[in-house]
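Visitor: I have a structure here, written as structure tokens, and I will follow up with some questions on it.
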Amino acid sequence: MKHQPLDDLELDFLETFLDSDQVHEDCQNFVMAHGFLTALAIAPHSPTPEQWLPIVFEETPKFQDTKEQERVEALLKRLAVDIQIELESEDEFLVPCDMEIGNYGEELTELQEWATGFMEGVFLTDIQWFEHEQEELIAQLLLPIMVASDLFDDEEVVQIRQETKTTQSCIEQIPHVLTDLFLTLRTEPEKKAKPVTRKPAQNKGKNNQKKKKR
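The numbering used here numbers the first residue of the sequence shown as 1 and each following residue consecutively.
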């Protein structure tokens with residue numbers, strides 16, 4: 001069955017549900033869930049929906065019935081596929097919010113929520129990110145997302161956040177670094193060629209030649 005991308009009505013329904021009283025107060029909202037699923041889509045070996053759905057919800061929502069539960073979970077799974085397809089296209093990735101962040105201590109902007117969700121996905125699959133042969137490049141590419149999130153107080157992040165222009169310039173790189181992260185993590189490491197062991201030459205007499213099968 002061909003994948004059907006989420007339409008506007010389905011996106012609105014999912015966003016409304018994740019912001020409703022039916023979910024736990026620590027449930028990811030739509031923007032945060034999008035960031036979370038983006039990180040999982042970049043990781044070479046993504047967790048299964050059975051593993052990541054409970055993290056999105058924090059606690060099982062108060063679904064009205066089984067039908068609603070199936071609909072919400074199906075929409076989240078389709079959203080994950082939408083994100084995967086967009087990353088594979090290698091076009092500029094569309095982050096579902098404005099590229100702007102607030103000051104420390106203020107209410108999180110949508111970009112900060114998205115980046116926080118993304119980093120939660122990175123932490124869930126951290127071995128794939130930080131035990132990689134391109135670990136230094138990956139850390140460098142993650143920097144704009146770390147700056148956009150509200151999770152880090154590293155010296156480099158703090159210095160960038162102190163200058164508004166530097167911060168803005170940094171976070172505007174996010175759509176581009178997502179594609180670079182996907183290509184970096186999904187590219188198979190070059191395998192070293194195995195040395196060829198050559199057998200000593202043998203005399204090929206008429207009696208030891210192999211007949212070809214017809």
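For each residue, glycine too, the CB sits at the ideal point set by N, CA and C.
In chain order, what residues of the same chain lie with their CB nearer than 6 Å to the CB of Glu172, ignoring the 5 residues before and after it?
Guide: So the qualifying residues of the chain are Met99.
Visitor: Which residue's Cα is closest to the Cα of Ala148: Leu111, Leu79, His45, Pro5?
Guide: That would be Leu111, whose Cα lies nearest to the Cα of Ala148.
Visitor: Does the separation of the CB atoms of Leu79 and Leu53 fall below 8 Å?
Guide: No, these two residues do not count as a Cβ contact at 8 Å.
Visitor: What are the complete alpha helix (DSSP H) segments, minimum 4 residues, inside the region 114-187?
Guide: You should have 126-130, 135-148, 155-162, 164-171, 174-186.
Visitor: Candidates Val158, Glu58, Phe17, Cys27: which alpha carbon is nearest Val72's?
Guide: Comparing Cα-Cα distances from Val72 to each of Val158, Glu58, Phe17, Cys27, the minimum goes to Phe17.
Visitor: Tell me which residues share the same chain as Gln162 and place their Cβ nearer than 7 Å to its Cβ, disregarding the 5 neighbours each side in the sequence.
Guide: Around Gln162: no qualifying Cβ.
Visitor: Compare the C-alpha of Val31 against each of Val56, His3, Val81, Ser169 and name the closest.
Guide: Cα-wise, what sits closest to Val31 is Val56.
Visitor: Identify the continuous alpha helix (DSSP H) that holds Phe36 and give its terminal residues.
Guide: 30-42 is the span of the alpha helix (DSSP H), which, as asked, contains Phe36.
Visitor: Report the residue from Ile145, Thr187, Leu181, Thr179 whose alpha carbon sits nearest the alpha carbon of Ser169.
Guide: Per the Cα distances, Ile145.
Visitor: Going by DSSP, what residue range makes up the alpha helix (DSSP H) through Leu94?
Guide: Premise fails: Leu94 is in no alpha helix (DSSP H) and is neither H nor E.
Visitor: Using a threshold of 8 Å, state whether the C-beta atoms of Asp150 and Leu108 are closer than that.
Guide: Yes, these two residues count as a Cβ contact at 8 Å.
Visitor: Ordered along the chain, which non-local residues of its own chain (more than five positions away) have a Cβ less than 8 Å from that of Ala41?
Guide: Contacts found: Ala80, Ile83, Gln84, Leu87, Phe182.
Visitor: Enumerate in chain order the residues of its own chain whose CB-to-CB distance from Lys67 is below 6 Å, with the five nearest sequence positions on each side excluded.
Guide: Excluding sequence neighbours, Lys67 sits near nothing in its chain.
Visitor: Drop a sphere of 10 angstroms on the beta-carbon of Val158, count the other beta-carbons inside from all chains shown, and report buried for 16 or more, exposed for fewer.
Guide: Its Cβ having fewer than 16 others within 10 Å, Val158 is exposed.
Visitor: Thinking C-beta only, is Phe123 closer than 8 Å to Phe36?
Guide: No.
Visitor: Quick check on DSSP: helix, strand or coil for Ile85?
Guide: Three-state result, Ile85: helix.
Visitor: Can you check which of these residues, Pro47, Asp21, Glu58, Pro5, is closest to Asp126 by C-alpha distance?
Guide: With distances taken between Cα atoms, Asp126 lies closest to Pro47.
Visitor: Looking only at C-alpha atoms, which of His45, Cys97, Glu25 sits nearest to Pro175?
Guide: Nearest of His45, Cys97, Glu25 to Pro175, Cα basis: Cys97.
Visitor: Using a Cβ-Cβ cutoff of less than 8 Å, which residues in the same chain neighbour Arg186 once the five nearest sequence positions on both sides are dropped?
Guide: Counting only Cβ-Cβ distances below 8 Å, and skipping sequence neighbours, we find Ile42, Pro44.
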